[in-house]
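Novice:
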Ligand code: SAM
Ligand code: SF4
Ligand code: SF4
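In my numbering, the protein residues as written are 2 to 343.
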């Protein structure tokens, strides 16, 4: 048995970074095949997704969430794969919502949000992030690669707003030659809707999406494009370690965010840990290996054992992948984003 450890504390890693955010992937499956995340050539008909028994149960997820809050985690984001295809997700949200003081949110492709927004809110979900890469059907359908129409995602966003899952954030991954023409129309539309649009530089997550630096439209270029039509000025971060750099419209009509993980690495303030669908703990989005929390739990570890294990992993953490990205690191066999959670 591992020795017992203390109650709530701020656990810091080897670079002095606290543990504040936890992202939990609750399924490795998805109804989309976004070319930058789950390309069809890899995630085709024969792809072996995890067996149901391999997934963390709702009880296991909630137990881990409680243990992580003892180390300073204040925010949990459910992700995947597509989290809304995990059956009875409302039940899980209800269980997590009982943890005092926790900021609970979720990232979704929005495909079933119109149906589920009210139930999610009623279960205790506070707010939501919806991914949408274009308002142009042809572009969006080519990117999700399953011909899913824009209108249904917009319907989902409207339903989320009506249900009070606010503030709503919209994630748009930008890939050169694919959807950069959608940047300004997206900014215009969501400025008017009052939702926060966040542009994400196309990243070299996983090792199957064929990432090349040439495909990255930089955060700087994105801000310049929008600013020409709708002038922007920098805004202060809401808190240390915020992933998106904030820019507000000079006319006072809202803000956008840019997530420049390729061109302006923000590792030095990175307070995020991730738990994969089958319960492995990863201390970086670009990790090549995780630490098996599921095995510990299923082998009878106590909460104190989990506590000590997590503390040990986090205190040794030295990850700063984006800061040291190179031709060599890009080629590493990194964990896929649909498994580790975005
Ligand atoms: N299926 C949900 C969705 O799409 O919102 C949640 C999981 S998805 C992996 C989480 C976020 O990661 C999405 O906003 C998605 O656009 C983003 N993402 C996936 N692959 C990416 C890549 N290669 N570069 C940048 N962002 C990526
Ligand atoms: Fe699915 Fe989200 Fe990945 Fe697209 S980005 S394939 S919606 S998990
Ligand atoms: Fe955090 Fe790793 Fe991303 Fe750096 S590369 S910001 S350490 S997740």
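Beta carbons: idealized from backbone N, C-alpha and C, even for Gly.
Provide the residue span of the alpha helix (DSSP H) that contains residue 191, from first to last.
Specialist: 184-194
Novice: As a quick exercise: from 239, 37, 190, pick the residue whose alpha carbon is nearest that of residue 1.
Specialist: Outside the shown range of the chain, which is 2 to 343, sits residue 1, and nothing can be said about it.
Novice: Grouping DSSP H, G and I as helix and E and B as strand, with all else coil, what is residue 5?
Specialist: A caution first: residue 5 carries a pLDDT of 40, below 50, which makes its placement in the model unreliable, though a value can still be read off. Residue 5: coil per DSSP, three-state reduction.
Novice: Residues in the same chain with beta-carbon distance under 7 Å from residue 148, minus the five sequence neighbours each way, listed in chain order, please.
Specialist: 142
Novice: Any idea if residue 117 is buried or exposed, counting beta-carbon neighbours within 10 angstroms, 16 or more meaning buried?
Specialist: buried
Novice: Do residue 31 and ligand 2 come close, with the Cβ less than 6 Å from some heavy atom?
Specialist: yes
Novice: Measure the C-alpha to C-alpha separation of residue 184 and residue 166 and round it to an integer number of angstroms.
Specialist: It is roughly 24 Å from the alpha-carbon of residue 184 to the alpha-carbon of residue 166.
Novice: Are there 16 or more other CB atoms within 10 angstroms of the CB of residue 130, so buried, or fewer, so exposed?
Specialist: buried
Novice: Compute the Euclidean distance between the alpha carbons of residue 328 and residue 212, then round it to the nearest angstrom.
Specialist: 11 Å
Novice: Flag this pair as yes or no: are the beta carbons of residue 322 and residue 174 separated by less than 7 Å?
Specialist: Contact: no.
Novice: Under a three-way DSSP split, which group does residue 72 fall into?
Specialist: coil
Novice: In this structure, how does DSSP classify residue 119 when only helix, strand and coil are distinguished?
Specialist: Note: residue 119 maps to helix in three-state DSSP.
Novice: Less than 6 Å between the CB of residue 293 and some heavy atom of ligand 3, yes or no?
Specialist: Not one heavy atom of ligand 3 is found less than 6 Å from the C-beta of residue 293.
Novice: Quick check for students: name the residue ranges of the alpha helix (DSSP H) that lie wholly in the stretch 124-158, counting only runs of 4 or more.
Specialist: Within the stretch 124-158, the alpha helix (DSSP H) runs of at least 4 residues that lie entirely inside it are, in chain order, 138-145.
Novice: Could you tell me the distance, in whole angstroms, from the CA atom of residue 303 to the CA atom of residue 57?
Specialist: 16 Å
Novice: Reducing DSSP to helix, strand and coil, say where residue 235 ends up.
Specialist: Correct three-state label for residue 235: strand.
Novice: Give every residue whose Cβ lies closer than 7 Å to any heavy atom of ligand 3, listed in chain order.
Specialist: 262, 266, 267, 268, 271, 273, 285, 286, 287, 320, 321, 322, 323, 324
Novice: Here's a check: name, in chain order, each residue in its chain whose Cβ is nearer than 6 Å to the Cβ of residue 61, leaving out the five neighbours to either side.
Specialist: 298
Novice: Between residue 47 and residue 41, what straight-line distance do the alpha-carbon atoms span, to the nearest angstrom?
Specialist: When only Cα atoms are considered, residue 47 and residue 41 end up about 10 Å apart.
Novice: Have a look at residue 188 and residue 209 and give me their C-alpha separation to the nearest angstrom.
Specialist: 29 Å
Novice: Could you name the residues of the same chain whose beta carbon sits closer than 8 Å to that of residue 331, not counting the 5 residues immediately before and after it, in chain order?
Specialist: Counting only Cβ-Cβ distances below 8 Å, and skipping sequence neighbours, we find 205, 212.
Novice: By how many angstroms is the C-alpha of residue 114 removed from the C-alpha of residue 29?
Specialist: 18 Å
Novice: In chain order, which beta strand (DSSP E) runs of at least 3 residues are fully inside the stretch 214-296?
Specialist: 233-235, 246-250, 256-260, 273-276, 281-283
Novice: Are there any heavy atoms of ligand 2 lying less than 6 Å away from the beta-carbon of residue 279, as far as the coordinates show?
Specialist: Answer for residue 279: no, Cβ out of range of ligand 2.
Novice: Quick one: is the Cβ of residue 187 within less than 6 Å of any heavy atom of ligand 1?
Specialist: no
Novice: Are there three or more Cβ pairs, one per stretch, closer than 8 Å when the stretch 157-165 is compared with the stretch 221-230?
Specialist: No contact exists between the stretch 157-165 and the stretch 221-230.
Novice: Specify the secondary structure class of residue 13 as computed by DSSP and reduced to three states.
Specialist: strand
Novice: For a test of the three-state rule: what should DSSP assign to residue 1, helix, strand or coil?
Specialist: This structure does not reach residue 1, given that the chain is present from 2 up to 343, and the question cannot be answered.
Novice: Looking at the secondary structure, which residues open and close the alpha helix (DSSP H) in which residue 331 lies?
Specialist: 328-331
Novice: If I follow the unbroken alpha helix (DSSP H) through residue 307, where does it start and stop?
Specialist: 304-317
Novice: Ligand 2 heavy atoms versus the CB of residue 82: any closer than 6 Å?
Specialist: yes
Novice: Using CA atoms only, rank isn't needed, just tell me which of 292, 310, 264 is closest to residue 215.
Specialist: 264
Novice: Let me check understanding here. Comparing Cα to Cα, which of 98, 108, 66, 233 lies closest to residue 338?
Specialist: 108
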